[in-house]
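Heads up: the structure comes next, in structure tokens.
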Amino acid sequence: MLIGIDVGGTYTDGVVFDGDHILSSVKVPTDDNNLLQTLLQVLDELLNSLQNVDQISRIVLSTTLVTNILATGRGERTALVLIPGFGLPHNAYQITTDTFFLNGAIDFRGREIEGLDENEIITLAQQIKKMNFKRVAVVGKFSNRNASQELEIKELFQQIMPEVSIFTGSQVSNQLNFPRRAVTTFYTAMILPEWINFAGQIEAALKSRGLQSEIHILKADGGTMPLHKSLEKPCETVFSGPAASTMGALAITMDTKNSVVVDIGGSTSDLSLMIDGQPLYASRGAEIEGKLTHVESFSLKSVALGGDSPIIYNHETGKVDIAASRLGPAACFNGNAATVTDAFNQFYELGLGDTKRSNNFLGEIAALAQIPINELCDQVISQVFERLETEIKAMFLQWENEPAYRVWEVVNRSPFRLDRIIGIGAAAGIIVPQLARRLGVESVIHAYSPVANALGAAIVRPTMSVQLHIDTQQGICIAQPGGEVESPGNLNNMQMEDARKLAIEILAEQAVQAGLQDYAQDYSIQMEEQFNLIRSYHRSGKIFDVAVQIRPGFIHKYKGVKI
């Protein structure tokens, strides 16, 4: 048996899945101030529905902890120390107001071309200490090729301010692109201690319940990683909620149609795209607070519009609007403000909760607007559909820049064609069919649409990746993670086919070590690059970079879900 729990901004869903059936499901309000308690409440209700908890083999959690820390500004103030080397001016890397710069440089082949200034490092450390920073991120350009300068700075910093937590770019990300590595390291430094505390509490809670199950965390790319692995890269859990919805949509359809997934929650509506039945990835990585990172992610958009979005009367314009910030649950569910849910409840006579409260709170706004209640509801509902339709069309303009989208158009020799909209979430059954009609496509509302996100979390498989770097001229062959690799022969004779084969072999070895040998053959090539080194008009060597991963997907046993 498998358990999947998805923490949303408003509700937390959980399911127990076995074979091809959902045995039980739970939905409870999310307490943003105590996510752990919400998770455990859902877990306990699921466990109470089972006769034998020993049969639970794995628990997968999708959590908004990282997203909440960043969105609410609760992350610890963090200093970002950069060694940008030569090239762009420092202001091009002003990622945060607390960004500091040091001299030093590593070139693209990992060679030190400018040494560090120890006095400069000591002076900066004293300044950072005086400013009472508790966390520092140190990132050098091309540190994924040679981390020696980062490590030297870290060592000096630790001597001067041992009470400060210090993180290095080479520790967090081994991919090229200095600004994205800097951003990823910065956010990791900001959130890691809180994540470590959260993970420790989860482990303790499971032990206290006598559970021996594997515990995994859902990542933004739709795969999972063991809880202990998440301590190395907590940023990968950002956007795990939309990832759960996307994988849930795939789980309830299992075909090759082009689909937009619309997950309508209480606070937001999340949009994603599936091309030929496969989720579209953000080729440039996840975007956090407007900054690109090295976090692999689906191409997503969260719209500040959900069932709990409050309805307001704008005195300046004299119009009825839908506010972006959630004030609480719908009035019909004992909230203190009229919401989108109340408008649908009243207009379509859905009978949700206390319908009198919906009528009363809507009546107050209708009186301000001097219109009948039903006209108010009609205006609100029209705004909901217009907003979602506009956002989907805007997303298509963004999706057009993704390689997979363009490839589809080239292969099919026609503009991209949307087949349908898949609705996820409790409100999807009311909104998505009408939205699909407006866009001229089909709609899919499954019996398990309200908990498809938790189902998606439960059945996705673990993923891992390996990046291989080979410099034949310098005799370098390094895998990340893993370190130096014994070359399979004379590097001077290396071809891209050989580099690819070696990367796949290394991935298979590491998969065995991680207990993922069953998925070692489910790999995909993320990146292949070859550069010829020229000296005196002759090729003097080659540089190969290959990235290969166990691609996201479902566990092998999953063949679909029956109602």
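Under the working numbering, think of the first position of the sequence shown as 349, with each following residue one higher. A virtual CB, placed ideally from N, CA and C, is assigned to each residue, including glycine. Bear in mind the structure is a predicted one, so any value in this text is a computation, not a measurement.
Nearest to residue i by alpha carbon, out of the options?
| i | options | result |
| --- | --- | --- |
| F490 | L472, I461 and M509 | I461 |
| I898 | V808, L653 and M844 | V808 |
| A717 | S631, D669, E734 and E876 | D669 |
| L803 | P541, S578, F902 and A552 | F902 |
| L398 | V758, F365 and L540 | F365 |
| S791 | G889, V608, E845 and I891 | V608 |
| L554 | Q821, N880 and Q389 | Q389 |
| L839 | E845, T516 and I824 | I824 |
| G889 | A597, D819 and I470 | D819 |
| D767 | Q865, C725, T601 and E723 | T601 |
| K667 | D611, F709, N722 and Q727 | Q727 |
| R883 | S561, Q821, R459 and Q731 | Q821 |
| N335 | G458, L436 and G452 | Summary: the structure shown does not reach residue 335, with the chain confined to residues 349 through 911, and so no result is reported for it. |
| E424 | I539, M812, D402 and Q626 | I539 |
| V374 | I353, N382, D380 and N381 | I353 |
| E876 | A859, R848, E834 and A868 | R848 |
| F744 | I544, V759, P781 and L621 | L621 |
| F733 | R754, N760, G699 and P781 | P781 |
| A775 | T533, L698, W747 and V759 | L698 |
| G683 | L710, N662 and P751 | L710 |
| D402 | D446, E750, R557 and T444 | R557 |
| Q878 | T447, R422 and L816 | L816 |
Using a Cβ-Cβ cutoff of less than 6 Å, which residues in the same chain neighbour residue i once the five nearest sequence positions on both sides are dropped?
| i | result |
| --- | --- |
| G777 | I793 |
| V896 | V814, A851, I852, L855, Y871 and I873 |
| F456 | F490 |
| P541 | none |
| A505 | Position check: residue 505 holds Phe in this sequence, whereas Ala was assumed. Within the same chain, F505 has close Cβ partners A473 and I514. |
| N525 | none |
| I407 | I351, S561 and I563 |
| H663 | none |
| R754 | none |
Looking only at its own chain, which residues have a Cβ that is under 8 Å from the Cβ of residue i, when we skip the five neighbours before and after it?
| i | result |
| --- | --- |
| V550 | What sits at residue 550 in the sequence shown is Ile, not Val. L384, L387, L409, I563 and L575. |
| V909 | F365, D368, H369, I370, A599, I600, Y796 and L803 |
| K477 | I508, M509 and V512 |
Tell me the DSSP bridge mates of residue i?
| i | result |
| --- | --- |
| K488 | In the sequence as displayed, the identity of residue 488 is Gly instead of Lys. Its beta-bridge partners are I431. |
| N467 | Bridge partners of N467: none, in fact. |
| N880 | K890 |
| I370 | F365 |
| I514 | V484 |
| Q828 | Q815 |
| D866 | D866 is not bridged to any residue. |
| G638 | The partner list for G638 (beta bridge, DSSP) is empty, contrary to what the question assumes. |
Is residue i near residue j, with beta carbons less than 8 Å apart?
| i | j | result |
| --- | --- | --- |
| G613 | T358 | yes |
| A799 | A851 | According to the sequence shown, residue 799 is Val rather than Ala. Against a cut-off of 8 Å, the Cβ pair of A851 and V799 comes out as no contact. |
| A686 | P658 | yes |
| S673 | V651 | no |
| D656 | T689 | yes |
| L428 | A495 | no |
| I404 | L559 | yes |
| E413 | G362 | The amino acid occupying residue 413 in the given sequence is Leu; Glu does not appear at that position. Not in contact: L413 and G362 (Cβ atoms no closer than 8 Å). |
| A679 | S706 | yes |
| I370 | L450 | no |
| G488 | Q497 | yes |
| I772 | V610 | yes |
| E857 | L783 | no |
| P810 | G571 | yes |
| F681 | N722 | no |
| L579 | A547 | yes |
| L566 | A591 | yes |
| F892 | M842 | yes |
| T411 | S588 | yes |
| A521 | T532 | Checking the displayed sequence, the identity of residue 521 turns out to be Ser instead of Ala. Contact: yes. |
Establish whether the CB of residue i and some CB of chain D are separated by less than 8 Å.
| i | result |
| --- | --- |
| G571 | The structure shown has no chain D; it contains just one protein chain. |
Can you round the beta-carbon distance between residue i and residue j to whole angstroms, since I take them to be within the 8 Å contact cut?
| i | j | result |
| --- | --- | --- |
| A630 | L350 | At roughly 27 Å, the Cβ-Cβ gap does not stay under 8 Å, so A630 and L350 are not in contact. |
| S593 | N416 | 17 Å between Cβ atoms; not a contact. |
| L619 | L640 | About 19 Å separates the two Cβ atoms, so there is no contact after all. |
| P582 | T536 | 6 Å |
| W756 | D624 | 7 Å |
| I454 | R483 | Wrong, their Cβ atoms sit about 24 Å apart, outside the cutoff. |
| G654 | S615 | 5 Å |
Using a Cβ-Cβ cutoff of less than 7 Å, which residues in the same chain neighbour residue i once the five nearest sequence positions on both sides are dropped?
| i | result |
| --- | --- |
| R765 | N606 |
| V586 | V414, T415, A568, A634, I636 and V643 |
| G863 | none |
| V789 | L766, D767, R768 and I769 |
| I729 | A691, F692 and F695 |
| H904 | D866 |
| T604 | D624 and G625 |
| Q731 | I670 |
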